[in-house]
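Structure record follows, encoded as structure tokens.
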Amino acid sequence: MREIPVSLIADAVRDLCIEANQFLPQSLADTLAQSVEKEHSPLARGVLCDLCRNLDAAKELNVPICQDTGMAVVFLEIGQDVHLVGGDLNAAVNEGVSRGYLEGYLRCSVVSDPVRRDHNTGDNTPAVLHLSMVPGEQVKVTVAPKGFGSENMSAVRMLTPSATPEKIVAEVTDVIRKAGGNPCPPIVVGVGIGGDFELAAYLAKKALCRDVAERNPDPFYADLEQRMLESVNALGIGPQGFGGDVTALAVNIETYPTHIAGLPLAVNVGCHVTRHSSRVI
């Protein structure tokens with residue numbers, strides 16, 4: 367049994383909030399740069415080049431890569447041989463978010479009441495926290511700041527079990543078609559298939575945290591990712607909605623067994639700065 371003070375988790379969350387907002391995962395930055403060569407529209411190529419220059423400027427000036435520094439989504443994979451000591455885990459996570467956003471001079475965008483919306487919490491807390499138990503004696507911390515220009519374009523659809531792969535591709539494509547230029551394309555599309563209503567949404571969010579260079583390990587779903595990517599890009603929405611070949615940079619699918627009577631499908635849209643950063647304690 368390994369003891370880990372929750373203060374270490376708070377420190378990690380603090381650092382990752384800042385890091386994720388200032389630096390795009392390298393594989394996504396590379397994919398964005400490579401997309402310039404795939405784009406035939408001169409206007410769209412210019413937009414893509416501007417987006418790449420924005421990443422470079424953020425790195426040089428030590429500022430966020432987007433003005434919407436997101437709601438903090440935190441994934442904790444806790445080893446079952448870990449004993450967390452020194453305080454409350456939830457409080458430690460929120461302390462880390464608070465320190466990260468205030469000390470990193472990140473925009474605080476969380477309102478305390480979702481309907482009355484009369485009070486900003488002032489430090490971007492509370493976080494959206496997902497916990498999972500895994501073998502081992504380590505804790506993996508992932509922070510994924512989620513901007514709402516793209517989050518607002520996401521959807522859950524409860525399909526019937528008779529839905530074919532073609533139907534699933536069409537449903538995902540329809541979500542992106544309706545989104546248009548709102549989520550700041552080129553986008554990353556997270557797709558959750560299976561489980562139930564809420565698990566499908568979790569799977570879609572988790573899919574956005576997978577490296578865009580990695581395909582689903584199941585060849586069937588890897589092929590489905592490619593088919594979805596081609597279908598979305600055929601929409602012609604293009605970078606920032608100006609038209610073009612590159613509407614999406616990647617589609618990531620995560621799956622889970624489901625009930626015989628249904629087929630939950632969730633689409634979580636990530637903008638061209640689909641941010642996430644991890645640390646293992």
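Just so we're aligned, residue 367 is where the sequence shown starts under this note's numbering, counting upward by one. All residues carry an ideal CB built from backbone N, CA and C; glycine is no exception.
Beta-ladder partner(s) of residue i, from DSSP
i: His485; result: Beta-bridge pairing links His485 to no other residue.
i: Met499; result: Ile444
i: Val494; result: Val439
i: Leu629; result: Leu525
i: Val477; result: Asn486
i: Pro511; result: Ala438
Where residue i falls, given that 16 or more other Cβ within 10 Å makes a residue buried
i: Asn460; result: buried
i: Tyr322; result: The displayed coordinates of the chain run from 367 to 647. Any statement about residue 322 would go beyond what the structure contains.
i: Ile626; result: exposed
i: Glu591; result: buried
i: Val646; result: exposed
i: Glu469; result: exposed
i: Ala594; result: Reading off the sequence shown, one finds Met at residue 594, where the question assumed Ala. The residue in question, Met594, is buried, as its Cβ has 16 or more Cβ neighbours within 10 Å.
i: Ala614; result: buried
i: His406; result: exposed
i: Leu574; result: buried
i: Leu382; result: buried
Endpoints, beta strand (DSSP E) assigned at residue i
i: Ser528; result: Careful: Ser528 lies outside any beta strand (DSSP E) and carries neither H nor E.
i: Ile444; result: 437–445
i: Val451; result: 448–451
i: Thr640; result: Premise fails: Thr640 is in no beta strand (DSSP E) and is neither H nor E.
i: Thr624; result: 614–624
Continuous alpha helix (DSSP H) stretch holding residue i: start and end
i: Pro605; result: Segment: none, Pro605 is in no alpha helix (DSSP H) and carries neither H nor E.
i: Pro371; result: Segment 368–371 is the beta strand (DSSP E) holding Pro371; no alpha helix (DSSP H) there.
The region 602–610 / the region 508–521 touching (three or more Cβ pairs under 8 Å): With the cut-off at 8 Å, the region 602–610 and the region 508–521 do not touch.
If we count Cβ pairs, one from each stretch, closer than 8 Å, do we get three or more for the region 579–588 versus the region 538–549? no
Does the region 565–578 come close enough to the region 627–641 that 3 or more CB-CB pairs lie under 8 Å? yes
Entirely within the region 513–588 and at least 4 residues each: give me those alpha helix (DSSP H) ranges in chain order. 514–517, 531–545, 563–573
Answer yes if the region 612–627 comes into contact with the region 557–564, meaning at least three C-beta pairs across the two stretches below 8 Å, and no otherwise. yes
Is it a yes or a no for the region 428–446 touching the region 497–508, going by three-plus beta-carbon pairs under 8 Å? yes
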